Ligand SMILES: [Zn+2]
């Protein structure tokens, strides 16, 4: 019979390993970000000999959720941490505020302006809250001399902008 203390350790180790596997599962629409960077993995719990992964889907309009769910199951099983159950938790709704600092850095590197968090906008930029569109920083050169070209980029989650300083177009991950 397994010692209960050993059982806890095995469960904890499996959960830690599952988090690290999930850190390698990339978002299909923003391949620069893992599902952990995106903040959609809300919890990983031991379940029987496997794990339960709790996901909060991003935009309801994004068709990516099923793809993400499948990738999560495959990655966990491949790592030998299965069986895995994915539980979708829709409340509270996902917000771009959940994107990690690491995720924001990766977005900029990928040439996408990270979403300005609603909390951050209210606290740091009280004047901009009065404007419909925040002044966006170009992810390439850092200039705030940018203009919006289209409300939609390659996906509905993003808007298309252009930097007037370096002339490069870039996408903006819209905050929700
Ligand atoms: Zn620029």
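Residue numbers (our numbering): 16 to 191.
Yeah, the Cβ is synthetic: ideal placement off N, Cα and C, and Gly gets one too.
Nothing here was measured: the structure is a model prediction, and the numbers come from that model.
Rounded separation between residue i and residue j - CA only
| i | j | result |
| --- | --- | --- |
| residue 126 | residue 25 | 41 Å |
| residue 116 | residue 131 | 12 Å |
| residue 191 | residue 50 | 17 Å |
| residue 160 | residue 112 | 24 Å |
| residue 123 | residue 28 | 33 Å |
| residue 129 | residue 157 | 12 Å |
| residue 169 | residue 118 | 19 Å |
| residue 120 | residue 61 | 31 Å |
| residue 189 | residue 114 | 12 Å |
| residue 31 | residue 66 | 11 Å |
| residue 81 | residue 155 | 32 Å |
| residue 36 | residue 56 | 12 Å |
Burial state of residue i, where buried means 16 or more other Cβ atoms lie within 10 Å
| i | result |
| --- | --- |
| residue 185 | buried |
| residue 137 | Low confidence applies to residue 137: its pLDDT is 42, below 50, so where it sits in the model is not reliable, and the reading given next is rough at best. Exposed, because fewer than 16 other Cβ atoms sit within 10 Å of the Cβ of residue 137. |
| residue 164 | exposed |
| residue 182 | exposed |
| residue 46 | exposed |
| residue 107 | exposed |
| residue 33 | buried |
| residue 44 | buried |
Any non-hydrogen atom of ligand 1 within 6 Å of residue i CB
| i | result |
| --- | --- |
| residue 180 | yes |
| residue 155 | yes |
| residue 35 | no |
| residue 158 | yes |
Residues of its chain near residue i, where Cβ-Cβ distance is below 8 Å and the 5 sequence neighbours each way are ignored
| i | result |
| --- | --- |
| residue 88 | 97, 99, 101 |
Proximal residues to residue i (C-beta, below 7 Å), its chain only, five neighbours per side dropped
| i | result |
| --- | --- |
| residue 58 | 69 |
| residue 103 | 70, 72 |
| residue 38 | 49, 51 |
Close beta carbons around residue i, own chain, < 6 Å, minus the five adjacent residues each side
| i | result |
| --- | --- |
| residue 152 | 159 |
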